[in-house]
Amino acid sequence: MSIEVEEKTPAPARAGERDRLHPEPRREPLVFERSGRGKTGYSLPPLDVPETLAIPKALRREAIEGETEISEVEVARHFTRLSRLNFGNDEALYPLGSCTMKHNPRTNEEMARLPGFAASHPLAPEEVSQGALELVWTLEKVLCELTGLARVTLQPAAGAQGELAGILMVRAALEKTGNPRKTVLIPDSAHGTNPASAHFAGYKVQELKSNVRGTLDLHVFEEAMTEDVAALMLTVPNTLGIFEDQILDIARIVHAKGGYLYCDGANFNSFVGIAKPGLMGIDVMHMNLHKTFSTPHGGGGPGAGPVAVTERLAPHLPRPTVERRADGTFTLDFDRPDSIGRLRTFLGNYGMFVRALAYIAAYGNRIGEVARGAVLNANYIRAGLTGVYHLKYDAPTLHEVVFSDKKQAAHGVHNTDIAKRLMDYGFHPPTISFPLIVRGALMIEPTETEGKPGLDAFIQAMREIARECEESPEIVLNAPHTTPVKRVDEVGAARNLILRWRP
Amino acid sequence: MLRAIGASSIEDLFASIPAEVRKSPDLPAPLSEIEIRRFMRGLSRKTANARETDFFLGGGLYHHSVSAIADQMLYRAEWLTSYTPYQPEVSQGTLQSIFEFQTHICLLTGFDVANASLYEGASALVEALLMAERLSRKRKKAVLSAGIHPEYRETVRSYFANLDLEVVEAPLGADGATDAAALEAAVDEKTFAVAVQSPNFFGVVEDWNSGSRAAREKHALSVAVVAEAVSLCLLSPPAVGLADIACGEAQSLGVPMHHGGPLLGFLACKTEHQRQIPGRLVGETRDKDGRRAFCLTLSTREQHIRREKATSNICTNQGLMALAANIHMSLLGKHGLREVALQCHAKAEYLKGRIARLPGYRLPFTGPTFNEFTVEAPVAAAPLLSRLAARGILAGVPLSRYESRDTNRFLVAATEMNTKEEMDRLVAALVHERGDLEVPPDPPEAR
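Residue numbers (my numbering), protein chains in the order written: chain A, 681 to 1183; chain B, 44 to 490.
Laid out in C-alpha cells, this is it:
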C-alpha cells in the first residue's frame, strides 16, 4: 500500500491508523500447525470403573492420526487471534441487506445457558420437562399474536427449512382435496432459497417478472395464477424493501383459484408489531428468529425458521406439537395423522427459542418500535445516498434500500470494489449482487440498532467512495488496503480445491 | 432525520401498508433485564437438567463435558455477531475456523472432503441421500437400516414423500445389528444408497463393511450414519469401512444438549463426489499479495446462484456450533478424544454388566456396544422411567416413544460425565423398582 493511498483515506474508523497503535494479528497458523508432540490442553478424572474394551478389533481404530496436541493457552490464543480477523456487528454498522444484522442482547445469551435449557434433554419424561415445554408453547402463542395466524411450528432449523415445511403443508392440504397441483409461483426478486425449497417439495417453479415499480405485476400474476398453481411465494416486503401494497388483491386472486399465499417472512422485522400477516390474507409464513428476533448470526448459524399457519393448514404442522392440557400442564402431541412428519430431530433449535422469547419480552407491546427504527434508519440512508448512487426502483421502501453501481460503473468501478473499499472505512459491506433484478446491486439494511452518528458516518463513507470512484478509481479497484488479507482469489480457490489441512 | 427524509412522521414511512391490515399486538408491557432473568429462571427451574440429576439419556443427544474455554470463546463478539463469511477479507477468522472444522471431520471419518456443517443429524442424512441420488442419475430407491435413529428415518420419509423417491427398511438381526442378508436382499438396480448407522439407535456397533458390500454389488453408494460422534474416536472410520459418504450428528463434540438444538450436522465424502456435496465449503487460496487466505468455494452448487437447480435449499450452516466443536476437538486432540471415548465405553460396559445381572432385567441384543445399550425391564419402561425421574434419576429413553410394541425396553447411555456412584445408584433404583429383589453384590473385578 502506498503512502499516497493512505493520505487520501479519510479519518473515520480507519483500520490502518489503528494498526500503527495496536498491531493486529495479520496471520495465524492453522491449529494443526500449532500442534507439538506431548502438549496437552485437557484433563479427565481417573477412570473409576474397570478398564474394558469390549469391541472386536476389526471394528476399532487405533490413534487418530493428524489430530492436535496443544495446550489450553495456545487454544485460547489461537481462537482469540482468529476472532480478530473477523468483523462483527459489535464493531460497527454491518448493513448486510436481507440479513438483518441487529444487536444481539447479551442477557439472552445468558438465559439460553440456564441449566434447564442448555443441559436438558427433549427425551426426558414430560413431567420433569414442564418448563422447557412451557417456553415452546409461550413462544408459539406470542408468534401467533404477532403474525395474526392460528398456529406456529418452531421445528425448522432455519428459514430455508421453514420454507420447505410451509410448502409441504400447502401440498398436504391440497392433497387432502385430491390434487396437490404442479406449480409454485415465485417473483424474480425472491431469495434463492424460495425456488430451491419449492423444488424440494416436488413443485415446478414458475418465475414472475416484476413490474417497473419493483413489485408484483398483477396482470402477469393473474395470468399465471391458474388452478395448477399450489402457491404464490411472496416476500413481504420484497427484497427491494418495497411493501406489496396490492397485497389484499393478490391474496384474493390466489384464494379465488384455490391456491395458498406463502409469505417469506425474512423481512418481518420491517413491520412486526405494526401490521399482521394474517390480516393480509397470508396463509403460511416463515420467520427467521436470527433476523427479526435478534438471535445471533454466529458466523453463519445456527438459525431458526418458525412457520405460522392458518387454522386450515394447522392439521399438517410437523410432528410433534406442544399442547396445553386443561389442567395447565404441557404435553407433546405426536398423534397428528395429517402431519407432514418431521424435518429434523427433536423440537428445533431450542436455544434460539429462549433468546427470541427474551428479546420479544424486552419489547412487549412496544415491539413496533423495532420496525419503526429499522424503517426510519433505512430511509435516512436512502435520503443520504440518493443521487450519489443509482436507485433503480424509486417506490417507497421500508427497512432496506437497494442502490446499484450504475453511476460508478461508468468509471470502471463495480459493486464488489465499492464493497471492498467500505472495509477500509471500517464498515462491513452491504449485500452485493442481490436481488438479481438489480444489476450491480448494493443492498443496504441498517436495522434499528444504529444511531444517527453511525448512519451519518456510513453515509459519509459511501459518498467519499463515490467521489473516489470518479477521481481516483484505482484506490477503490485495489481495495481493501487495510484488512488482514488483501483481495482474496476466489476463482483460484474453486479451480484448485484445497478443502482440508494435511499432515 | 425525518426532515432529511422529507417525511413528517415515522408513520408516513409505512403508508404503503394498507390500514385494514394494521394492528398492534396484544402483548404484555416490556420487561426489564431483571424481570426477564426472573421469568426465564422460573422456567429453567421447572425442567430437570443433567447437572443436577443422575443422567443417562441418549438417543442421539448426549451429555458430554464441554470445556469452559469453548463456551467462553463463543461470547466473543467477532464470532457471535458476524454473519456468513461472504466477504473473505473481513471474515478470515470464521473461514479458517471452518477449514479447521472440515479437517477435524476428515480426520475422524477418514474422508478427504467435509462440508462446513449442516443443521443436525437427521437432515444431514437426507442431504447425504439426495446427494447419492444425484450421483446415481435416475435411481429411485434408498435402503435404510432399521437401526437408524427413528427420527432420522421419519425425516427422510417427510423429505422423500414428494420427490418420487422410495424408502425401504432392512430389519435388524437377533444380535441387534442390521441383518446383512436382508440388507443385501433389499438392494436392487434401482437403489441409489444403502444407509447404516453405527453405533445404531439401539446401541449396537455395526460393521460399515456390511452396508458397503450390499451397496457395491448393485453400484449403489454406501452412506455411513453416526449419531454419537464420540464413537468415531474409537470405532473404525467410515472411509476405512469403504463407505462413500459419512453423515450425522456431531453435537457430542463440544456442543451442549440445548434441549435438542442447536446441534451440529456433518457430512463428509470421497473426493470424487465433492461437486455434489450440499451446504457450504471453505477452501484455501491466496490473496492478491500471495498470502494464504480462505474463502467459501464451489458456491455454484448453492441456491443463491442455482436457485431451483441447486444441490440443496440450505442457506446457513451451524457456524457457532462448528466453532465450538473445532475448539473442543483441538483442545482434546489426538489423545483426549480417544481417552474420552474409552472412558465412555468402559463406563457403559460397567453399567451394562451390572444391569445384565439384575434379575428381571435383560439385554435383548448381544452385539457389541459403545456407550449406549438397550435394556428390557420386567415392567413397562415409560412409567418406570417417570418414577425414577421423580427421584432425580434420568435413567433412559423409553423405546415405546418410537415403537409401541417395545413397551418394556429403554436405552441407557453413559459418558465420561457419569461416576461409578451415579451408576450404582441407578442400579439400586432399578432393583427398587423391581420391588421383590435384593441388590446383587458387585462382581469381584468391579470392586
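The beta-carbon is built from N, C-alpha and C at its ideal position, and this holds for glycine as well.
Would residue i pass as a contact of residue j if the rule is Cβ separation under 8 Å?
i	j	result
T198(B)	V169(B)	yes
A1058(A)	V1081(A)	yes
T1096(A)	I1112(A)	yes
V133(B)	N766(A)	yes
L1027(A)	H302(B)	yes
L277(B)	L385(B)	yes
L161(B)	A185(B)	no
F923(A)	V916(A)	yes
L341(B)	G746(A)	no
M913(A)	V864(A)	yes
R350(B)	G839(A)	no
P242(B)	S274(B)	yes
L959(A)	G828(A)	yes
T221(B)	V248(B)	no
R1035(A)	N769(A)	no
Quick one: using the 10 Å Cβ neighbour count with 16 as the cut-off for buried, is residue i buried or exposed?
i	result
F1014(A)	exposed
L701(A)	Only weak support exists for where L701(A) lies, its pLDDT of 49 falling under 50; the value from the coordinates is given anyway. By the 10 Å Cβ count, L701(A) comes out exposed.
Y634(A)	No answer is possible for residue 634(A): the residues shown for chain A start at 681 and end at 1183.
H1265(A)	Lying outside 681 to 1183, the shown extent of chain A, residue 1265(A) is not represented and no answer is given.
E446(B)	exposed
G85(B)	exposed
P1164(A)	buried
R698(A)	Residue placement at R698(A) is flagged as unreliable, the pLDDT there being 48, under the threshold of 50; a coordinate-derived value is accordingly withheld.
A837(A)	buried
N859(A)	exposed
A471(B)	exposed
H262(B)	exposed
A743(A)	exposed
Q115(B)	exposed
D1104(A)	buried
L733(A)	exposed
N1201(A)	Because chain A here runs from 681 to 1183, residue 1201(A) falls outside it and cannot be looked at.
P441(B)	buried
L1222(A)	With chain A covering 681 to 1183 only, the question about residue 1222(A) has no answer from this structure.
Could you check whether the Cβ of residue i sits closer than 8 Å to any Cβ belonging to chain B?
i	result
L701(A)	Residue confidence is low: L701(A) scores 49 on pLDDT, short of 50, so the model does not pin down where it sits. No coordinate-derived value is stated.
A1121(A)	no
R861(A)	no
A1041(A)	yes
L969(A)	no
E1069(A)	It is worth fixing the name first, because residue 1069(A) is Tyr in this sequence and not Glu. No, Y1069(A) does not count as interfacial toward chain B.
R1188(A)	This structure gives no information on residue 1188(A), because the portion of chain A shown stretches from 681 to 1183.
Establish whether the CB of residue i and some CB of chain A are separated by less than 8 Å.
i	result
H316(B)	no
Y393(B)	yes
R182(B)	no
S443(B)	no
E76(B)	yes
T458(B)	no
T137(B)	yes
F57(B)	yes
M83(B)	yes
M116(B)	yes
With a floor of 4 residues, list each alpha helix (DSSP H) that falls wholly inside the region 812 to 886 of chain A, ordered by position along the chain. 839 to 856, 873 to 880
Uninterrupted alpha helix (DSSP H) stretches inside the region 925 to 1009 of chain A (no shorter than 4 residues): 927 to 936
Chain-ordered residues of the region 811 to 829 of chain A with a beta carbon less than 8 Å from chain B: G811, A812, E814, L815, V822, E825, L826, G828
Any alpha helix (DSSP H) of 4 or more consecutive residues that is wholly inside the region 161 to 193 of chain B: 164 to 179
Length-filtered (4 minimum) alpha helix (DSSP H) runs lying within the region 1070 to 1148 of chain A: 1086 to 1089, 1095 to 1104
Uninterrupted beta strand (DSSP E) stretches inside the region 209 to 286 of chain B (no shorter than 3 residues): 209 to 213, 234 to 240, 264 to 269
Output needed in chain order: residues of the region 874 to 888 of chain A with a Cβ under 9 Å from some Cβ in chain B. N874, P875, A876, S877, A878, H879, F880, A881, G882, Y883, K884, V885, E887
Give me the subset of the region 1149 to 1163 of chain A whose CB atoms are less than 7 Å from a CB atom of chain B, sorted by chain position. P1160, T1163
What alpha helix (DSSP H) runs, 4 residues minimum, are completely inside the region 382 to 455 of chain B? 424 to 433
Which ranges would you report for the beta strand (DSSP E) in the region 1008 to 1052 of chain A if only whole runs of at least 3 residues count? 1010 to 1013
For the region 362 to 382 of chain B, enumerate the residues whose C-beta is nearer than 9 Å to any C-beta of chain E, in chain order. Absent from the structure is chain E; the protein chains it does hold are A and B.
Can you check the region 65 to 115 of chain B for any alpha helix (DSSP H) of at least 4 residues that lies completely inside it and give the ranges in chain order? 76 to 88
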